[in-house]
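Presented below is the structure to which this report refers.
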Amino acid sequence: MQINSEQYRAARNGRFHSRFIPENGEPVTLNIPTPRGRRFIPVGNVSAIEVIGQSRCLITIDNLEPVEGIY
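In UniProt numbering, the protein residues as written are 1 to 71.
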């Protein structure tokens, strides 16, 4: 599963919203656009999924890795 920097910031506070419902334990990758292209940084694994309605869910990441430059 790929997330953007906004979702990563929300994950640092606990959970983040997603329209994609991942599998439990699926690896999470932070997708950061840079001037030279995109960087893909592994940040953890999905630990909990709470479905909200038909196409939204709250996701919790287990052992969220810190990423330099994102506060």
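The C-beta atom is built at its ideal place from N, Cα and C for all residues, glycine as well.
Given the structure is predicted, the values throughout are model-derived calculations rather than measurements.
Pull up the distance between the alpha-carbon of residue i and that of residue j, whole angstroms please.
i	j	result
tyrosine 8	glutamate 26	16 Å
isoleucine 61	serine 5	14 Å
asparagine 24	proline 35	33 Å
serine 55	valine 67	28 Å
glutamate 65	arginine 12	9 Å
glutamate 50	glycine 14	13 Å
threonine 29	glycine 53	25 Å
Could you please give the first and the last residue of the uninterrupted beta strand (DSSP E) stretch that includes residue i?
i	result
arginine 12	Segment 5-12 is the alpha helix (DSSP H) holding arginine 12; no beta strand (DSSP E) there.
Would you mind sorting residue i into buried or exposed? The rule is 16 or more other CB atoms within 10 Å of its CB.
i	result
valine 46	buried
valine 43	buried
phenylalanine 40	exposed
Tell me whether residue i sits in a helix, a strand or coil according to DSSP, three-state version.
i	result
residue 149	The question about residue 149 has no answer, for the chain in this structure spans 1 to 71.
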